[in-house]
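Okay, structure first, notes after.
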Amino acid sequence: MKASPADQEQLLRLQAIDTRLQQLAHRLRSLPQTAELASLAERDTAVRGRRAEAIGTLEDARTELGRIESDVEVVEKRIARDGDRLTHTSSMKDVQALEAELASLRKRLSDLEDAELVVMEKVEAAEAHVAGIDRERADLAEATATLEAARDEAAGGLGTEREQAERDRATLAGTIPDDLLRFYEDRRVRGGGIGAALLRQRTCGGCTITLTGSDLESVRRTADDEVVQCPECDRILVRTAESGL
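Below is the structure:
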């Protein structure tokens, strides 16, 4: 690939910005609040899981209570109906049958009301459990908001610096030929964030290997407008007056 020496030197300036962006990203990730926020997020995930289970228990209890309440309503209606029939009959046989049925219904109603009280307690306990979990989540949300504010304050200067660096990068990248820029980006991905390095005193600034022998002669013989790569790390080697060639 061919590129003017001036365009190749622009890669060094671009690399400097990219290195700075990497450093800023690392500092942002390393803010003490970042780890604490991650821990809070894990706790919130666990709490949400417990809440889902608690909601399931509450809904089951409410369903059971609804079923008992429906049964109570049916029995109460039958008691009212039989009581009405009892007051309007003169047949002793019917009276005896109705009184026997009413006794059975009242026993059934008493059992249902006892069961209803038990399930109501289950519902109240489940509601209290959900409310407790909700308070726990609210506390986590408050702690998270406080930490986020502290993180944002600490990161404010870093964020501003990053935004400026990103603008500078976009401006500089716009001055570099597309094919050279694509090649640099490819080398940068492969090179762990370093795509171009200065060759200073025959030493690659990317891997710090000093060129000797045939490798050095090959670089010396290469035209200035030819893009060369380090024979060791494969990054773009930018030659300047400091290269010692």
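Counted from 1, the sequence shown has number 45 at position 42 by this note's numbering; the numbering is strictly sequential.
Every residue, glycine too, gets a C-beta built ideally from N, C-alpha and C.
Ile239: member of the beta strand (DSSP E) spanning Ile239 to Arg242, first to last residue. Leu112 sits in a helix when the DSSP states are folded into three classes.
For a cut-off of 8 Å, the C-beta gap from Arg165 to Leu27 is around 5 Å, short enough to register as a contact.
In the structure shown, Glu229 falls within a strand segment according to DSSP collapsed to helix, strand and coil. By alpha-carbon distance to Met4, the top candidate from Ala168, Thr90, Asp97 and Asp182 is Asp182. DSSP, reduced to helix, strand and coil, places Thr60 within a helical segment of the structure shown.
Contact annotation: Val241 and Ala199 have beta-carbon atoms nearer than 7 Å. Exclusion of the five residues before and after Arg46 leaves Leu143 as the residues of its chain whose Cβ lies within less than 8 Å of its Cβ.
For Leu202, the enclosing beta strand (DSSP E) has its first and last residue at Ala199 to Arg203. Judged by DSSP secondary structure, His91 falls outside any alpha helix (DSSP H); it is assigned neither H nor E.
Cβ atoms of Leu112 and Asp85 stay farther apart than 8 Å, at about 12 Å.
According to the DSSP assignment, Ile179 belongs to no alpha helix (DSSP H), since it is labelled neither H nor E.
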